[in-house]
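Numbering (full-length UniProt numbering), first residue to last: 1 to 278.
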């Protein structure tokens, strides 16, 4: 074995020895969440530390389902997140394409405004947005109120603008010379080339919609229109808290997202790297 290979092996071993404890520290709360979801309420606050799962997960889930119709809430969350992700990726891609490929008056100002919106805290726009949607448009307790207001994503627009700016101008000029219309160039040339970036953006937007709690809590007050995080929050009462049901619901919300991220992490990392380096 050459000295270079030995140095790489030693560096890899040292890196793994350093990162493995950090990974275990990060995973420990998730594991304890799984353990707590299998314990009864009185067992969660027992003085001893339990590291192995118990057998009360089904009881906790039944309590959760009786109190919140959690399966229906998950269905609403999935439908809203999928619809929101598709529409938001499409709109942010169109905006990013326009900012990257077209020259128009005020383009720099538009980019500056989009950058400025990133610095605004969400609490600043939350109340005006609620008044406009609930009072002026009368859209409270509807899927439109859940999906449409957050559609424009400033970070997504800038991300896709950077992705399209990296692509060679000659490719699109050649398509225009051949008489291909602009919308076909966007759909059948630009978007296929941007698939890694689109995949990364879709994962980010889906997780943002899946974990969104404050806006659905404000705009949807009826039990039949609640998303899963909001339904889970209803288990926290003034005199009683169903901790076992909360942990069971948290597991059902968290584990699928971890699985999706692990399966798609290659596309996510590739898209982030491709969109960040020019």
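By construction, the Cβ of each residue, glycine as well, lies at the ideal position given by its N, Cα and C atoms.
Here residue 37 is actually not in contact with residue 191; their C-beta atoms are around 40 Å apart, not less than 8 Å. Separation of the CB atoms of residue 206 and residue 85 is rounded to 5 Å, and the pair is thereby assigned contact status at 8 Å.
Cβ-Cβ distances below 7 Å link residue 246 to 232, 235 in the same chain, with the five nearest sequence neighbours on each side left out; the list follows chain order.
Residue 150 is positioned such that its CB atom lies no closer than 8 Å to that of residue 210. Secondary structure of residue 241 (DSSP, three-state): strand.
Residue 5 sits exposed, since fewer than 16 C-beta atoms from the chains shown fall within 10 Å of its C-beta. For residue 236, the beta-bridge partners assigned by DSSP are 241. Within the model, the alpha-carbon separation for residue 99 versus residue 159 is close to 11 Å. For residue 175, the enclosing alpha helix (DSSP H) begins and ends at 169–177.
Taking residue 141 as reference, the option from 14, 219, 230, 20 with the minimal CA-CA separation is 219. Inter-segment contact for the segment 124–133 and the segment 59–68 is absent: fewer than three beta-carbon pairs are separated by less than 8 Å.
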